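*Asks:*
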Amino acid sequence: MKRTVDVNIPLGPIHPCFKEPARLKCEAKGERIVAAEVELGYMKKGIERIMKGRPWQEVMFLAERVCGICSVIHNMVFIEAMEQISGITVPPRAAYLRVIANELDRMQSHLLANFSYCYTIEHETLGMYLLDLREQVMDELERLTGARVTCAYIIPGGVRCDIPRTDAELLQAALDRIERDLHRYSGMFAEGPMIALRSRGVGILTQEAAHRAHVVGPTARASGIAVDCRVNHPTYRHLGFVPVSRPDCDNFARIMVRFDEVFQSIGLIRKCLTDLPKGVIRGGGVCKAGETRYSGEAPRGELTYFIKSDEFGRIIEIQIQTPSIMNIEACCHEMIIGADSIADVTSTFVSADPCIACTER
Amino acid sequence: MTLLQRIKNKVRSRSIHVAYVDVGSCNGCDIEVLACLAPRYDIEQYGIFVHNNPREADVLLVIGAYTPGWEEKLAMVWEKIPDPKAAVAIGNCPISGCLFDRKGSFVDPPVKKHIPIAAEVPGCPPRPTEILQAILSVRDSVFANWEESHP
Amino acid sequence: MGLSLVWYLKEFARTEWIKKFLFAKTAPLVTPSHFRGFPEPTGKTCQHALFCMMACPAPGAIEVVHAGDGWMPRIHKGHCIRCGLCVEACPNGVLKSGRILETMEREGTSLLFSFRIAIDLELCTGCGNCCTACPVNKGIDAQMGAGGHSSNDEVIMRVQKGDIVVIHEDKCTGCKTCEVSCPTGAIRIARILEGYQQPVQEGLQ
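Just so you know, the sequences run in chain order W, E and U. Residues in the first sequence are numbered from 1142 upward in steps of one, following this note's numbering. Residues in the second sequence are numbered from 29 upward in steps of one, following this note's numbering. Residues in the third sequence are numbered from 2 upward in steps of one, following this note's numbering.
Structure representation (structure tokens):
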């Protein structure tokens, strides 16, 4: 008489597919996964504790280094929260330049997430194509801000440097090249038969389960919930932004939502470049006392800063809520249960795009 | 130098297997190491293969400021790597703690206290060109005449 | 895209493909000039204003040391995060990094510093450590008494009748030596930074 053995499989901190240390403990009956649990704590540095009592010029760099992949949005949300406390208005040219930097960062983050997924599925060719495309986006980010990662571009009252006309033309040409290549690569992904075998119908997260687990970001938009914080931002509303979503709730939909968002970002940057208003880029202004909560849309979901500052603009209390914790919880308790093999566990976990550095600061 | 030693030196400098461990970083340096793997700054053309398995590695890349979650585990991973081995610290975090080296944080820089480091690449994060230049300048000397210097 | 064997053979026999395969090279290891690297000296004389040290967010990255007859800022590469704030804050342009100095000149941007002294009177014991430790005070009145007493009216702060009194807050350079020497943590310095740009004149844009 056959007896199924229960095995506890740890997917440890050092793993070829996970870029960041997190331990995933899966309980399997045969090859089918019954339960899963995630264990974090390998990256806790205590950033919010260091931030207390410091002025904005030191906290801004610490906020950027909460996560190096989505560093521009952390910078932008922190500075916009300080501007909301102190009543500083931003000149329109600077607001558009901020959107350009934000969207370039979103493009490179989504291309990195898709590369990670293709690498996990062992489709290295497509992964390397996407990584090469990402290098072109990083070149443009470097030309605009001066650094590839952790750019420190946004300060209270505006941005740090302007975009001369020659650079704007180079950016337009680069966007055309990127869009052409991306049509080809997303077509390869959408029509590849082996990719469809491993992604369609795998890692299902139904809409009620998504509502129960409060997922955010592209993971939620792939389950039909079209929620996006950029709808509440005045500059994006001016540009006519509408969130994209897909109704099928599997790995394939999550990756395709990210490709759709890259196309959307290219469109937004083009619109910003053609409508760029003239004027100054720094409006001045000092930070004052107050308390606020401010949300922005990181590439992985909704990012919220709760800030309380004293009369000289130094931080008294700060709390950051990052998007990945909700997606990881949903992944472990809803998506992985019922997976048919361990290979599906790794690919589902990577398709939810976890950023462990954001989760434990 | 005997012929065997010369062959060993040549082979060990042109075929390096790399594993990396992230002891608590912001992921910026991690992405720049991934960008080294990209076709633009191809690191595999120099014979360097990044596969992330400590048991088969020659060089361990250490990224990040040492957090309490890795208390004895980093030393355990270092012991599991077979000889000849070397550790390279990438970024400012393992050298000095970067911005996190303030009163009230949980990090314990530098990583040199916990495992022996052979080379350092400063920068926050260092550009892929800088990482490649550092690795290319070090690969000839790090494993040269290993049996004589480590009896 | 055709999937037949003949198509594949014809594809690999093209001279363009063969040339690309045999002569392809990866990008040269060169850093572009607009990359914001570690700050380097330009050759101008350092005036010892110390704004670079006040603006630097990384602990232990920059310090202004003796160099020959004058001063020169020195960057420690293992600590510097290459943010470029020291390049922007220097009033004399002693450091350069990437395109920062050119953009500052073309757009008229700069960083403005102001320093504020805030004393919590409930914690202050009137010991006068801050007054004697302050290097600006020492420059103005070299004979300041051990308890912080001074008869010179040009000092930043002094102790009068057991209480601390701040007279010239605008002379403060923000070095925080008083904050470090206070036994109760009563005095705190705020370094207020503002990103400023000269307003655009009509007819130039």
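All residues carry an ideal CB built from backbone N, CA and C; glycine is no exception. Quick caveat: nothing in here was measured; it's all calculated off a predicted structure.
#1: Could you tell me whether the Cβ atoms of W:Arg-1434 and W:Pro-1464 are closer together than 7 Å?
#2: Grab the span of the beta strand (DSSP E) containing U:Trp-72 for me, first residue to last.
#3: Among W:Ala-1235, W:Glu-1470, W:Pro-1388, which residue has its Cα nearest to the Cα of W:Lys-1419?
#4: Shortest alpha-carbon distance to U:Glu-170 belongs to which of U:Val-137, U:Ala-68, U:Gly-163?
#5: With distance defined between alpha-carbon atoms, name the residue in E:Lys-38, E:Leu-65, E:Gly-52, E:Ser-53 nearest to E:Val-46.
#6: So what does U:Ala-68 bridge to, in DSSP terms?
#7: Drop a sphere of 10 angstroms on the beta-carbon of U:Lys-20, count the other beta-carbons inside from all chains shown, and report buried for 16 or more, exposed for fewer.
#8: Answer yes or no: do W:Ile-1461 and W:Lys-1449 have a C-beta to C-beta separation smaller than 7 Å?
#9: State the start and end residues of the unbroken alpha helix (DSSP H) segment that holds W:Leu-1165.
#10: Can you find a C-beta in chain W that's less than 7 Å from the C-beta of E:Ser-124?
#11: Relative to the alpha-carbon of U:Gln-48, which residue among U:Leu-10, U:Gly-196, U:Gln-144, U:Pro-92 has its alpha-carbon at the smallest distance?
#12: Would you give the residue range spanned by the alpha helix (DSSP H) that W:Pro-1358 belongs to?
#13: Please name the residue or residues paired with W:Asn-1149 in a DSSP beta bridge.
#14: Please compile the residues from chain E whose C-beta is within a distance smaller than 7 Å of the C-beta of W:Gly-1187.
#15: For the beta strand (DSSP E) holding W:Phe-1447, just list the boundary residues, first then last.
#16: Nearest CA to the CA of U:Lys-45: which residue from U:Thr-185, U:Gly-71, U:Glu-17?
#17: I'd like to know whether the C-beta of U:Ser-5 is nearer than 7 Å to at least one C-beta of chain E.
#18: Whose CA, out of W:His-1324, W:Leu-1346, W:Ile-1478, lies closest to the CA of W:Gly-1084?
#19: Have a look at W:Met-1142 and W:Gly-1171 and give me their C-alpha separation to the nearest angstrom.
#20: Would E:Cys-152 pass as an interface residue toward chain U - the criterion being a Cβ-Cβ separation below 7 Å?
#21: How close, in whole Å, do the beta carbons of W:Ala-1498 and E:Cys-54 come, if the pair is a contact with beta carbons under 8 Å?
#22: Need the endpoints of the beta strand (DSSP E) that U:Arg-189 sits in, please.
#23: With three or more beta-carbon pairs closer than 8 Å as the criterion, would you say the stretch 1222-1231 of chain W touches the stretch 1284-1293 of chain W?
#24: Excluding the five sequence neighbours on either side, which residues of its own chain have a C-beta within less than 6 Å of the C-beta of W:Pro-1495, listed in chain order?
#25: Whose C-beta lies closer than 8 Å to the C-beta of W:Lys-1160 among residues of the same chain, with five residues either side of it excluded?
#26: Using a Cβ-Cβ cutoff of less than 6 Å, which residues in the same chain neighbour W:Asp-1416 once the five nearest sequence positions on both sides are dropped?
#27: In angstroms, rounded to a whole number, what distance separates the CA positions of W:Glu-1276 and W:Leu-1285?
#28: Is the CB of E:Phe-77 under 7 Å away from at least one CB in chain W?
#29: Just checking, does the stretch 111-129 of chain E make contact with the stretch 85-94 of chain E on the three C-beta pairs under 8 Å criterion?
#30: To which residues of the same chain is U:Gly-204 closer than 6 Å at the C-beta, ignoring the five residues directly before and after it?
#31: So with Cβ pairs under 7 Å, would you call E:Leu-127 a contact of chain W?
#32: Of all the options W:Leu-1444, W:Ala-1163, W:Ile-1174, which has the alpha carbon lying nearest to the alpha carbon of W:Glu-1180?
#33: From the beta carbon of W:Glu-1281, is the nearest beta carbon of chain E less than 7 Å away?
#34: Using alpha carbons as the reference points, say which of U:Gln-144, U:Ser-111, U:Met-55 lies closest to U:Gln-199.
#35: My output table needs one value for E:Val-116: the three-state DSSP class, helix, strand or coil.
#36: Would E:Thr-157 pass as an interface residue toward chain U - the criterion being a Cβ-Cβ separation below 7 Å?
*Replies:* Looking at the atomic coordinates:
#1: no
#2: 71-76
#3: W:Ala-1235
#4: U:Val-137
#5: E:Leu-65
#6: U:Gly-71
#7: exposed
#8: no
#9: Where W:Leu-1165 is concerned, there is no enclosing alpha helix (DSSP H), although the beta strand (DSSP E) it sits in stretches over 1164-1170.
#10: no
#11: It is U:Pro-92 whose Cα lies nearest to the Cα of U:Gln-48.
#12: Before going further, note that residue 1358 of chain W is Gly rather than Pro in the sequence given. Where W:Gly-1358 is concerned, there is no enclosing alpha helix (DSSP H), given that its DSSP letter is neither H nor E.
#13: Note: W:Asn-1149 sits in a beta bridge opposite W:Glu-1168.
#14: Gly-132, Ser-133, Phe-134
#15: 1442-1450 is the extent of the beta strand (DSSP E) around W:Phe-1447.
#16: Closest option to U:Lys-45, Cα to Cα, is U:Gly-71.
#17: no
#18: Residue 1084 of chain W lies beyond the stretch modelled for chain W, which goes from 1142 to 1502, so this question has no answer here.
#19: Its pLDDT being 46, under 50, W:Met-1142 is placed unreliably by the model, and the measurement read from it follows with that caveat. Cα-Cα distance, rounded: 15 Å.
#20: yes
#21: W:Ala-1498 to E:Cys-54, Cβ: 5 Å. Contact.
#22: 188-198
#23: With the cut-off at 8 Å, the stretch 1222-1231 of chain W and the stretch 1284-1293 of chain W do not touch.
#24: Ser-1465, Ile-1469
#25: Ser-1257
#26: Excluding residues within five positions, none has a Cβ falling inside 6 Å.
#27: 14 Å
#28: no
#29: yes
#30: For U:Gly-204, the pLDDT reaches just 47, beneath the cut-off of 50, and the residue's location in the model is therefore unreliable, although a value from the coordinates is still provided. So no residue of the chain qualifies.
#31: yes
#32: W:Ala-1163
#33: At least 7 Å separates the CB of W:Glu-1281 from every CB of chain E.
#34: U:Ser-111
#35: strand
#36: yes
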